[in-house]
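Numbers 0 to 107, taken from numbering that gives the first Met the number 0, label the letters of the sequence shown in order. Here a beta-carbon is modelled for each residue, glycine too, at the ideal position from N, C-alpha and C. Have a look at the structure below, then the notes.
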Amino acid sequence: MKPMLKHLATASLVGLVLLRPVHARADEDDDGDHDRARDLYERGEIKGLANILGVVHADAPGDIVAVDFIRIGDRWVYRFQVVAPDGRRRIVDVDAGAGVLMRGRGGD
Numbered sequence: 000m001k002p003m004l005k006h007l008a009t010a011s012l013v014g015l016v017l018l019r020p021v022h023a024r025a026d027e028d029d030d031g032d033h034d035r036a037r038d039l040y041e042r043g044e045i046k047g048l049a050n051i052l053g054v055v056h057a058d059a060p061g062d063i064v065a066v067d068f069i070r071i072g073d074r075w076v077y078r079f080q081v082v083a084p085d086g087r088r089r090i091v092d093v094d095a096g097a098g099v100l101m102r103g104r105g106g107d
């Protein structure tokens, strides 16, 4: 029985070690998005996140649980994941330059 526990513990440890680099790369990517957004904001190319939140809450009341900063075509987009009071999750895309909802996948 002890060799089985030792093997299980070793396998678990290896799994944790292998997951760590993936998590680190995700954090680095998030930092890149943050830096890119800050640079674009400082150059006046996009609206600040604080200015956009009112647009999101007016269209999709609830708790914002995630925000991504992505490029769709020639536009920079804030993509929000919102959990409504009834528990439904909704994706809301806002044009970061214009500060308006985008219709289609996320804005409807």
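For alanine 65, the secondary structure class from DSSP, reduced to helix, strand or coil, is strand.
Looking at Arg74, Val66, Ala59 and Val93, the one whose alpha-carbon comes closest to that of arginine 87 is Ala59.
Excluding sequence positions up to five before and after aspartate 62, its CB lies within less than 6 Å of the CB of Val82, all in the same chain and listed in chain order. Taking all protein chains in view, the Cβ of alanine 49 is surrounded by fewer than 16 other Cβ atoms within 10 Å, so the residue is classified as exposed. The DSSP-derived three-state label of arginine 37 is helix.
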